[in-house]
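Below is one structure, written out as structure tokens, with a few remarks after it.
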Amino acid sequence: MDIKNLPITDNHIHVDGKRGYGPEKVAKIFRSAGGKTLILLNKPSFTGDLTTPMDTLIRDIETIRKNVEGVKVFGLVGVHPCEITTMAERGKSLDYIKEKVIEAINYAGKLVEEYDFLVGIGEVGRPHFKVSEEIWRVSNEILLYCMEMARDIGCALQIHGESASEEQFREFRDMARSVSLNPEKVIKHHCGDNVLEGEKYGIFPSIIASKPVVEAAKKSLRFVMETDYIDDLRRPGAVLGIKTVPRRTRKLLEMGIINEEGVYRIHKENIEKLYNVDLD
Ligand SMILES: [Zn+2]
């Protein structure tokens, strides 16, 4: 099955010019497998410097745009929830942390308004491991602030969360509604087979491009696909590889689980609607 002429989008991928292949090589590897569109998100700094990763992401996107023909690239900027726990471990007070993160989110909002290729706020949310009640509370307050920001700008938001089950979909829907943000603009990153929860609550699932996506595609085409590739050569195999979304999509076609129309739905129409972009 030839996917050369089909749209293929990885909805959550990181590049790292210091530790990994870097933007240009990642984009070329993706393209060589049939990939067409990358949605990049800044990595956490883990140093408490919350805005430099956003500036780096902008440069990385510009590098791909300049040097890699045939790959479209967009980005989301945000403060990874792990930054909150990292700063707390370093003895920073929660008041200080909240103020710093909000400042950085304000900066992210300005960037999204300034750069056409920045299409949302993310990844933001809550740590995926157990944290104290106070950190949980502050994380939720910050997430709510991000939702207000996305509402004001009219952009998408990608949530990093502890897991993806019906409970999270309901909760994130309620949070979005509480600030009048359309849940259809809220993407839950790193989902398993959560298409039915997505349909029920409006939150949009971004599904890991391994086994869960096969199950998901049997039930609904209302999802996007991602690898969550982190581009760190010291951690090979820690995450799915750069070619996984194109390969998995080809597999789905070969297995007869989706047809070409389905590919267009998942990789083009859903992405266009989420991010207000044109992939033609
Ligand atoms: Zn990520």
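With the numbering used here, you'll find the sequence shown wraps up at 426, consecutive numbering, no jumps. Idealized CB from N, CA, C, for every residue including glycine.
Check: Within 7 Å: the Cβ of leucine 327 and any heavy atom of ligand 1?
Finding: As a working mapping, residue 327 is identified with position 181 in the sequence shown. Taking non-hydrogen atoms of ligand 1 into account, the C-beta of leucine 327 is found less than 7 Å away from none of them.
Notebook entry, point to check: Any idea if glycine 224 is buried or exposed, counting beta-carbon neighbours within 10 angstroms, 16 or more meaning buried?
Noted result: Position 78 of the sequence shown, counted from the start, is the residue given in the question as residue 224. Residue burial annotation: glycine 224 is buried, with at least 16 other C-beta atoms found within 10 angstroms of its C-beta.
Check: Using a Cβ-Cβ distance under 8 Å, would isoleucine 154 count as near chain D?
Finding: In the structure shown, chain D does not exist; there is a single protein chain.
Checklist line | Cross-strand partners of glutamine 427 (DSSP beta bridge) | finding: Because the chain is modelled from 147 through 426, residue 427 falls outside the range shown and cannot be assessed.
Check: Along the chain, which unbroken stretches of the beta strand (DSSP E) at least 3 residues long are found entirely within the region 148-214?
Finding: Secondary structure remark: continuous beta strand (DSSP E) runs of at least 3 residues inside the region 148-214, in chain order: 155-159 and 183-187.
Note to self: Can you determine whether any heavy atom of ligand 1 sits closer than 7 Å to the C-beta of histidine 187, and answer yes or no?
What the structure shows: By 1-based counting over the sequence shown, the position of residue 187 is 41. According to the sequence as given, residue 187 is leucine; it is not histidine. Because some heavy atom of ligand 1 lies under 7 Å away, the Cβ of leucine 187 counts as near it: yes.
Item checked: Where lysine 218 sits in the DSSP three-state scheme -> Along the sequence shown, read from residue 1 onward, the residue named residue 218 stands at position 72. Assignment of lysine 218 by DSSP, reduced to helix, strand and coil, places it in the strand class.
Note to self: What I want to know is whether the C-beta of histidine 274 ends up closer than 7 Å to one or more non-hydrogen atoms of ligand 1.
What the structure shows: As a working mapping, residue 274 is identified with position 128 in the sequence shown. Distances taken from the Cβ of histidine 274 to the heavy atoms of ligand 1 include none shorter than 7 Å.
Next item on the list: Count the CB pairs spanning the region 216-232 and the region 175-187 that are closer than 8 Å, and state whether there are at least three.
Entry: Yes: at least three Cβ pairs fall under 8 Å.
Notebook entry, point to check: Tell me the DSSP bridge mates of valine 265?
Noted result: Here the question's residue 265 lines up with position 119 in the sequence shown. Checking the DSSP bridge columns, you'll see valine 265 has no partner listed.
Checklist line | Residue from Ser191, Arg297 and Asn286 whose Cα sits closest to the Cα of glycine 307 | finding: Taking the first residue of the sequence shown as 1, we reach residue 307 at position 161. The residue with the shortest Cα to Cα distance from glycine 307 is Asn286.
Notebook entry, point to check: Nearest to glycine 437 by CA position, among Gly194, Pro227, Glu279 and Ala250, is which residue?
Noted result: One cannot answer for residue 437 here, as it falls past the ends of the chain, which runs 147 to 426.
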